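Input: a single structure, listed below in structure tokens.
2 protein chains.
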Amino acid sequence: MSGSGFQVWMGSIQERTEKALADLLPDAAIAPAHLHGAMRYAALGGGKRVRALLAHAAGELTGAAADSLDRVACAVELIHAYSLVHDDMPCMDDDVLRRGKPTVHVEYDEATALLTGDALQTLAFQILAERPLGPSAAEQLDMITLLARAAGSRGMAGGQALDLAAVGQQISREELEFMHLHKTGALIRASVLLGARCHAGRDDPMLEPLDRFGKLAGLLFQVVDDVLDAQSDTATLGKTAGKDADHDKPTYVSLLGLAEARALAESLLAEAQAALAPLGPSAGRLAELAAFIVHRKF
Amino acid sequence: MSGSGFQVWMGSIQERTEKALADLLPDAAIAPAHLHGAMRYAALGGGKRVRALLAHAAGELTGAAADSLDRVACAVELIHAYSLVHDDMPCMDDDVLRRGKPTVHVEYDEATALLTGDALQTLAFQILAERPLGPSAAEQLDMITLLARAAGSRGMAGGQALDLAAVGQQISREELEFMHLHKTGALIRASVLLGARCHAGRDDPMLEPLDRFGKLAGLLFQVVDDVLDAQSDTATLGKTAGKDADHDKPTYVSLLGLAEARALAESLLAEAQAALAPLGPSAGRLAELAAFIVHRKF
């Protein structure tokens, strides 16, 4: 499924995303140097850049310019990076390891981690606004709205609040799904749409199947994350393994068992790939990406 | 200086800002209800709304529509509210009282305070993007960029990082000014410009004197804040008084003494009002606002 063409493409997008982030983040020599150093520490040099890959794959499908896709990819990766910095803080998941490195509040301190997350979020919106992107200025405003809705209290931040409230609770599969559609799903879905909308207008018929794919890919991503968290060791994962169970958080594995959670991932993958059917063979990259999300570790 | 006409105007803007915020914040009955309740707790029912007043006064001067000014006023007040929620957290200023009420992390908990600040920031950008504002969509993108730059690592968040780094340090008056131009000044300056740009185009000659006024008003605001912090009691201030000295933070009062800090406020006020001269008598509201900033408590 993910042949060498896909591997090469993925490597090239990861590399250009890293470079674009390095260019867009303020230089660590600019005052306040400590904060800018922490922002670069948090956002550079790590992760599979799944959200950037989704944005590029969707944008290539609609014919978007690569430099617009770089900006969109950076915006979603910065929102993701900010959420990790805050999520790792002692008052949230209290985690010490992320992408194989000490978390920001460990490497710096808590106050710096707080401000780093805050400033990374701001920078994401700045990047979407400060240069022309998308078919028109009005559509660019749609894109900013789309990112804000995905990141805010009715998207990712809201999902994190639901996640906190669920600690130690018995919740149903429907409630778990609702939480994950917000916590992880909203930003993944937005990554697909933002990539597409770098070229596609708001009424483009490609957007509906892409949105359906994005929603399924987000859910898929979380199910796989739960499976990886349950079965990997910390060294392989690059973050603390088994922490969901330690924190008494409901997961797909705690709810369904490992075998059934894996089966769910395979069936969501098939559904996500089926959602791409109306887009024809040019959606192959997105199909490969969905397979990569599932098979990255098991 | 601030006659009854000004008082009536101020009351009406404060009231419409409160109403606009109440409408734009998600209802506390919508899931996640706990987070939405905390966002409303943090953003509603308090403060003099200086940033909203500045946005409205500048916008009235350029001929902006009142409903556009409401959105801009809400955006800057939400950025301000988010910064207070995070600033009050134990890892920052560790404060328990704000606007006469327990701070968000005391009333709720730290994790909720963190997410509340995050989601308030996101909402500010959503509000600037989701409805047409300003002379054109392209100019609206300028406004979003302007807010992001004012709020981010080279604006407000950067100023907070400098403030943290200054604890227990001897810093010069120039360094103190640099810090405050970021920490408080950037958002106040942006409030003036965002109000103006709800109608004024990017090359409008009014923007230059308004920007100069906004910069001086921001500095003025901070000098007065330092004076109030040094001389008020907690009940009058509605937040913990004397906390800067307790935290060993440099202030205009610690650097210059109380009398000279007050004299500086008066001279900045004169300078700010002089900056308005090219705008003629229609800038009277802004001049009154600057006087209100200085005389609000002494």
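Each protein sequence line maps, in turn, to chains A and B.
Note that numbering that gives the first Met the number 0 has the first sequence beginning at 0, numbered continuously upward.
Note that numbering that gives the first Met the number 0 has the second sequence beginning at 0, numbered continuously upward.
Using N, Cα and C, we set each Cβ at its ideal position, and we do this for glycine too.
Quick caveat: nothing in here was measured; it's all calculated off a predicted structure.
Going by the beta-carbon positions, is the gap between residue i and residue j smaller than 8 Å?
i                         : j                         : result
alanine 64 of chain B     : alanine 51 of chain B     : no
leucine 278 of chain B    : methionine 178 of chain B : no
arginine 153 of chain B   : aspartate 69 of chain B   : no
leucine 288 of chain B    : leucine 53 of chain B     : yes
threonine 121 of chain A  : alanine 150 of chain B    : yes
alanine 56 of chain B     : glycine 194 of chain B    : yes
leucine 24 of chain B     : alanine 42 of chain B     : yes
leucine 113 of chain A    : histidine 85 of chain B   : yes
histidine 181 of chain B  : glycine 213 of chain B    : no
isoleucine 143 of chain B : alanine 128 of chain A    : yes
leucine 140 of chain A    : alanine 136 of chain B    : yes
leucine 77 of chain A     : alanine 27 of chain A     : no
tyrosine 40 of chain B    : glutamate 106 of chain B  : yes
alanine 274 of chain A    : arginine 211 of chain A   : yes
leucine 192 of chain A    : leucine 254 of chain A    : no
Could you check if residue i is buried or exposed, using at least 16 other CB atoms within 10 Å of its CB as the buried criterion?
i                         : result
isoleucine 187 of chain B : buried
aspartate 247 of chain A  : exposed
serine 171 of chain A     : exposed
alanine 282 of chain A    : buried
lysine 18 of chain B      : exposed
glutamine 169 of chain A  : exposed
proline 31 of chain A     : buried
methionine 0 of chain B   : For methionine 0 of chain B, the pLDDT reaches just 46, beneath the cut-off of 50, and the residue's location in the model is therefore unreliable, although a value from the coordinates is still provided. It counts as exposed.
alanine 80 of chain A     : buried
valine 265 of chain A     : It is worth fixing the name first, because residue 265 of chain A is glutamate in this sequence and not valine. So glutamate 265 of chain A counts as exposed.
alanine 269 of chain A    : exposed
serine 67 of chain A      : buried
aspartate 94 of chain A   : buried
isoleucine 29 of chain A  : exposed
glycine 184 of chain A    : buried
In chain order, what residues of the same chain lie with their CB nearer than 7 Å to the CB of residue i, ignoring the 5 residues before and after it?
i                         : result
isoleucine 292 of chain B : Val49, Ala216, Leu219, Phe220, Val223
alanine 118 of chain B    : Leu34, Met38
alanine 252 of chain B    : For the sequence presented, residue 252 of chain B should be read as valine rather than alanine. These residues qualify, in order along the chain: Asp225, Val226, Ala229, Ala260.
alanine 189 of chain A    : Val75, Leu145, Leu146, Ala149
glutamate 173 of chain A  : none
threonine 115 of chain B  : Leu34, Ala37, Met38, Ala41, Val84, Val103
proline 263 of chain B    : It should be pointed out that residue 263 of chain B corresponds to leucine in this sequence rather than to proline. Cβ within range, chain order: Val222, Tyr251, Leu255.
glutamine 272 of chain B  : Ala286, Ala289
leucine 20 of chain A     : Ala42, Leu43, Cys73, Glu76
glutamate 138 of chain B  : Arg196, Gly200, Arg201
alanine 209 of chain A    : A small correction: the amino acid at residue 209 of chain A is leucine; alanine does not occupy that position in the sequence shown. So the qualifying residues of the chain are Ala57, Val191, Leu192, Ala195.
aspartate 22 of chain A   : none
Under 7 Å Cβ-Cβ, which residues of chain D neighbour residue i?
i                     : result
proline 25 of chain B : The structure shown contains no chain D; its protein chains are A and B.
Near residue i, which residues of its chain fall below 8 Å by C-beta distance, leaving aside the five closest residues on each side in sequence?
i                        : result
glutamate 258 of chain B : For clarity, residue 258 of chain B is alanine in the given sequence; the question names glutamate instead. Taken in chain order, the list of residues that qualify is empty.
proline 101 of chain B   : Val95
arginine 284 of chain A  : Phe5, Trp8, Ala56, Glu59, Leu60
For residue i, which residues in the same chain have their Cβ closer than 6 Å to its Cβ, ignoring the five residues on either side in sequence?
i                          : result
phenylalanine 5 of chain A : Glu287
tryptophan 8 of chain B    : none
histidine 104 of chain B   : Met88, Ala112
glycine 62 of chain A      : His198
What whole-angstrom Cβ distance do residue i and residue j have, given they're in contact under 8 Å?
i                       : j                     : result
cysteine 197 of chain B : glycine 58 of chain B : 5 Å
Three or more C-beta pairs closer than 8 Å, one from the segment 128-138 of chain B and one from the segment 156-165 of chain A: is that the case here?
At 8 Å Cβ cutoff, the stretches do not touch.
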